[in-house]
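Taken in order, these protein sequences are the chains called A and B.
For the first sequence, the working numbering gives the first residue as 665, with consecutive numbering after it.
For the second sequence, the working numbering gives the first residue as 118, with consecutive numbering after it.
A short worksheet on the structure shown next.
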Amino acid sequence: MTRMRLALPMALAVLLLTAGSVAALDDYTLPYYDPDVELLYGFDRDGRVGVQLDWTGKTWYDSQPHPGRVYDNHTGIDYPMPLYTHVAAAKRGTVVDREGGYGTQQFGAFGNFVRVRHPDGRQSLYYHLASKADGGLLVAVDESVPAGEPVGRSGCSGICYGPHLHFEVLVENGQLLIPIDPMHGRLWTTWPGRVPFLATYVRESNGGTEVIRRGQTITHWVEFRNRGGRTWRPDQARGRIALATWDPPAHDSRFAAADWPATWMATTVNQGSVEPDDVGRFTFGLRGSPPAGSYVETFNLLAEGVRWFDHAHLGGYYIPIVVTNLYE
Amino acid sequence: MTIRGCLLALLLAGCAGPMATASGPPSPIAPASEPAVGSTDASPIESRVPAASAPPMPGGFPLHASMTSRDAGSGLTASWTSDALPPEIFDFYRDALEDAGFVIDLEGPGGGAAVIRFHAADGTEYQLSFTGSGPVTIDLGPPRP
């Protein structure tokens with residue numbers, strides 16, 4: 665395993681920052697899933713000791729940490745989060761290095777990390793992770809990771825005051841990796857960034873109870889707004905957005921109809937792509953297979969092979985269903 | 118004792134908490150050489166506590182009780198250092214402040230720095246800033262932007 669070689673020639677970093685293009689839609693997303701996690705300390709774009717230039721362009725002339733802004737000589741972004749919180753790949757790429765041999769809360773010069781190389785030539789670093797033994801590493805070197813894939817779990821290894829994720833974006837310069845400020849460079853999909861997968865309920869074909877005659881199939885649709893940073897698509901090998909059964913996750917449904925891709929998956933998103941802030945529709949059949957009676961079927965959105973959505977943000981989506989006998 | 122004096126006394130004497138537990142509750146009494154916190158004197162007052170009498174940090178690490186106290190009209194400012202590990206220091210002061218009845222408004226652990234913002238019963242707001250890792254510099258003052 666190679667040790668990271670990091671350097672911070674700030675003048676060069678600033679040049680790279682100013683030369684960087686504004687990100688396209690569906691680019692980097694925040695490296696975690698909980699939308700309530702907040703930035704605590706950003707990147708210091710001034711290399712001088714006692715002087716900090718934060719992502720907003722404000723300069724501070726002291727050595728104090730400024731919560732929500734910056735602290736001295738910080739080369740990444742700190743996000744406090746509980747121990748063992750899942751950390752997400754900010755963009756698709758390939759794992760090029762990792763370390764998991766330090767204790768989850770072992771203080772020292774080095775800590776646990778995962779580093780991913782992206783197709784745009786940049787790399788992202790996820791630092792202070794929990795130990796490999798504690799499940800802090802979820803990917804292997806040379807493994808391809810889709811955007812939003814869990815790559816590790818948070819810890820406090822290395823130089824660390826408390827559990828948090830240090831997220832860093834780097835550009836390669838020969839053998840060196842130069843940290844840049846992703847906030848100033850606007851690498852994120854939306855300002856100041858979004859978690860990869862998040863949705864809110866919009867409406868459905870029938871917001872009340874669906875009544876189905878036994879043996880028959882009805883069509884139901886529901887719409888969710890894409891509040892995350894990734895574009896929803898129905899046809900990706902990994903990460904396609906699907907509506908699947910929940911509580912428990914991916915259980916075989918008693919209402920699976922002939923159009924379901926699987927007995928636990930009702931459908932994939934109808935549109936070819938749903939950009940952030942747009943509304944995606946999910947249309948599927950419900951077959952009255954079980955005996956007459958009252959039922960509830962619960963669904964959640966899934967980035968298949970990557971991540972379930974936060975069901976609470978979907979309003980705990982479920983469908984009340986009454987199955988009646990044919991001639992009732 | 119003023120709130121400021123009480124606070125500083127807590128922050129220093131409170132360091133003896135883990136040891137004091139065995140013989141009774143920790144006393145919020147500052148070392149004899151506590152600087153004149155809250156003084157109206159605008160000039161900095163520096164006081165050095167003999168290392169032998171400095172209360173230990175958790176884990177038995179000595180507190181480098183080199184402290185500067187200043188009240189220039191903008192609020193209390195005191196600064197001291199410790200060789201204890203940053204996460205131990207952060208956890209220690211968070212717990213000590215809560216135990217002493219202060220209300221914590223922000224816990225901000227980072228990599229190379231950290232902040233705890235809190236307020237007293239009278240609403241006065243404070244900030245503990247932690248920087249460095251060997252030793253850690255701890256600054257007490259009003260909340261910063």
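Glycine included, each C-beta is placed from N, C-alpha and C at the ideal position.
Chain-ordered chain B contacts of residue i [CB-CB under 8 Å]
i	result
HIS782 (chain A)	Neighbours of HIS782 (chain A) on chain B: none; closest Cβ ~23 Å, over 8 Å.
Limits of the unbroken alpha helix (DSSP H) element including residue i
i	result
ARG211 (chain B)	203 to 216
Proximal residues of chain A, C-beta to C-beta of residue i below 8 Å
i	result
VAL220 (chain B)	The contacting residues do not exist; VAL220 (chain B) stays about 17 Å from chain A at best.
THR248 (chain B)	SER727, GLN728, PRO729, TYR735, ASP736
GLY225 (chain B)	LEU704, TYR705, PRO729, PRO731, PRO744
ALA217 (chain B)	None at all; the shortest Cβ gap to chain A is about 20 Å.
ALA231 (chain B)	PRO729, TYR825, GLY826
PHE207 (chain B)	TYR825, GLY826
Cβ pair residue i, residue j closer than 9 Å
i	j	result
TYR705 (chain A)	TYR735 (chain A)	yes
HIS830 (chain A)	ARG709 (chain A)	no
TYR743 (chain A)	ASP798 (chain A)	no
GLY944 (chain A)	ARG889 (chain A)	yes
PHE919 (chain A)	THR931 (chain A)	no
VAL835 (chain A)	ILE844 (chain A)	yes
PRO954 (chain A)	ARG894 (chain A)	no
ALA908 (chain A)	ALA914 (chain A)	yes
GLY871 (chain A)	GLY812 (chain A)	no
GLN244 (chain B)	GLY228 (chain B)	no
VAL751 (chain A)	TYR790 (chain A)	yes
ARG781 (chain A)	GLY764 (chain A)	no
ARG817 (chain A)	LEU862 (chain A)	no
GLY819 (chain A)	GLY775 (chain A)	yes
THR962 (chain A)	TRP910 (chain A)	yes
ILE206 (chain B)	TYR825 (chain A)	yes
GLY800 (chain A)	LEU793 (chain A)	yes
VAL938 (chain A)	ARG897 (chain A)	yes
ARG858 (chain A)	LEU966 (chain A)	no
GLN728 (chain A)	SER246 (chain B)	yes
VAL815 (chain A)	VAL759 (chain A)	yes
GLY225 (chain B)	ALA238 (chain B)	no
VAL987 (chain A)	ILE876 (chain A)	yes
Neighbour-count burial assignment, residue i, 16 or more Cβ in a 10 Å radius
i	result
ASP974 (chain A)	buried
LEU990 (chain A)	exposed
LYS722 (chain A)	exposed
ARG712 (chain A)	exposed
THR873 (chain A)	exposed
GLN769 (chain A)	buried
ARG733 (chain A)	buried
ASP188 (chain B)	Note that ASP188 (chain B) scores 47 on pLDDT, short of 50, meaning its location in the model is unreliable; the coordinates nonetheless yield the value given after this. So ASP188 (chain B) counts as buried.
GLN716 (chain A)	buried
PRO912 (chain A)	exposed
GLY240 (chain B)	exposed
ARG867 (chain A)	exposed
ASN837 (chain A)	exposed
PRO846 (chain A)	buried
ASP700 (chain A)	exposed
THR157 (chain B)	Caution is warranted here: a pLDDT of 30 is assigned to THR157 (chain B), below 50, making its placement in the model unreliable, and the coordinate value is therefore given only provisionally. Counting Cβ neighbours within 10 Å, THR157 (chain B) comes out exposed, since fewer than 16 surround it.
GLY969 (chain A)	exposed
ALA787 (chain A)	In the sequence under discussion, the amino acid at residue 787 (chain A) is Gln, which differs from the Ala named in the question. With 16 or more other Cβ atoms within 10 Å, it is buried.
ASP216 (chain B)	exposed
THR864 (chain A)	exposed
SER917 (chain A)	buried
PRO783 (chain A)	exposed
VAL686 (chain A)	Low confidence applies here, because VAL686 (chain A) scores a pLDDT of 38, under 50, leaving its location unreliable and the question unanswered by this model.
ALA976 (chain A)	exposed
VAL960 (chain A)	exposed
ASP941 (chain A)	exposed
Delimiting residues of the beta strand (DSSP E) encompassing residue i
i	result
MET929 (chain A)	929 to 932
GLN244 (chain B)	242 to 248
TYR865 (chain A)	863 to 868
LEU978 (chain A)	Here LEU978 (chain A) belongs to no beta strand (DSSP E), and DSSP marks it neither H nor E.
SER958 (chain A)	957 to 967
GLU836 (chain A)	828 to 837
GLY228 (chain B)	Taken as a continuous stretch (DSSP letters only), GLY228 (chain B) belongs to no beta strand (DSSP E), as it is neither H nor E.
TRP885 (chain A)	881 to 890
THR254 (chain B)	253 to 258
TYR825 (chain A)	Run containing TYR825 (chain A): none; DSSP gives neither H nor E here.
SER788 (chain A)	786 to 793
Proximal residues of chain A, C-beta to C-beta of residue i below 9 Å
i	result
PRO203 (chain B)	PHE771, ILE823, CYS824, TYR825, GLY826
PRO72 (chain B)	In the structure displayed, chain B extends from 118 to 262; residue 72 (chain B) sits before or after that span and is not available.
ASP256 (chain B)	SER727, GLN728
Closer than 8 Å: residue i CB and nearest the ligand COA heavy atom
i	result
THR758 (chain A)	Among the components of this structure there are no ligands whatsoever, and the ligand COA is therefore not found.
Closer than 7 Å at the beta carbon, the chain B residues around residue i
i	result
TYR696 (chain A)	The premise fails here: TYR696 (chain A) is roughly 16 Å from chain B at the closest Cβ pair, so nothing lies under 7 Å.
HIS830 (chain A)	GLY228
Per-residue contacts from residue i into chain B (C-beta, under 9 Å)
i	result
HIS792 (chain A)	GLY228
Interface residues of chain A facing residue i [CB-CB closer than 7 Å]
i	result
PRO262 (chain B)	HIS730
Touch test, the region 949 to 963 of chain A against the region 852 to 864 of chain A, Cβ-Cβ under 8 Å, three pairs minimum: no
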